[in-house]
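Please read the structure below before turning to the comments.
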Amino acid sequence: MSNLLNNGKPKKKLLERGPKIVPAQEFKLETEEEANDESSPQEQRFEAKPVVEEAKQTRKRESAQITSVRVTKTTRNKLNALIQLGKADNVDVMIDILLDEYIENNLVKGEKKTFNLILDILQKRDR
629 MSNLLNNGKP KKKLLERGPK IVPAQEFKLE TEEEANDESS PQEQRFEAKP VVEEAKQTRK
689 RESAQITSVR VTKTTRNKLN ALIQLGKADN VDVMIDILLD EYIENNLVKG EKKTFNLILD
749 ILQKRDR
C-alpha cells in the first residue's frame with residue numbers, strides 16, 4: 629500500500645553531506661619540547677609548588693561544582709547591587725569575600741578552629 633503513495637518518485641535527500649573534514653594537525657601525547665627535556669618525569673612530579681597555587685587550584689576545582697542556596701529576594705537584590713557597584717565579579721566571589729570577612733572579624737580563635745574542622749569534614753564528604 630505504501631508503494632502506491634510514493635508513485636515511483638525517488639526520495640530527496642534531506643541532508644546533503646559536504647566533503648570530509650580532517651584536522652590540520654593530529655594530537656600527539658608528547659610534544660617535541662617534552663621529548664627533548666632532560667629532567668626525568670619523576671623529578672618533574674615532585675617539584676615543590678607554592679601554597680598559593682594549590683589554594684587557587686582547589687578553589688577552581690570547587691567552583692566547577694555549582695549548587696544552589698535559597699535566599700530571600702531582598703538578600704539576592706543586595707548581592708546583585710554590590711556586584712553592580714563593582715565590588716566583585718559575580719555573586720559567588722562576593723559571598724566568598726563576605727564569609728571570609730565574617731570569619732576573620734567575628735569568630736574567636738576556638739570558633740575558627742571548630743569552623744575549620746567542620747569545613748574540612750564537609751569538604752571531604754563532598755569529594
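Offset between the sequence shown (1-based) and my numbering: plus 628.
From the three backbone atoms N, C-alpha and C, an ideal C-beta is built for every residue, glycine too.
Own chain partners of residue i with C-beta closer than 8 Å, once the 5 adjacent residues on each side are dropped
i, result
"N708", "V719"
Contacting residues, own chain, Cβ-Cβ under 6 Å from residue i (five flanking each side not counted)
i, result
"T686", "Unreliable positioning characterises T686 in this predicted model, as indicated by a pLDDT of 49, which lies under 50. A coordinate reading is not provided."
"E732", "none"
"I723", "none"
Beta-carbon proximity list for residue i, same chain, < 7 Å, skipping 5 on both sides
i, result
"L735", "F743"
"T700", "none"
DSSP state of residue i mapped onto helix, strand, coil
i, result
"Q712", "helix"
"I649", "coil"
"R694", "Reading off the sequence shown, one finds Ile at residue 694, where the question assumed Arg. Reduced to three states, the DSSP call for I694 is coil."
"L726", "helix"
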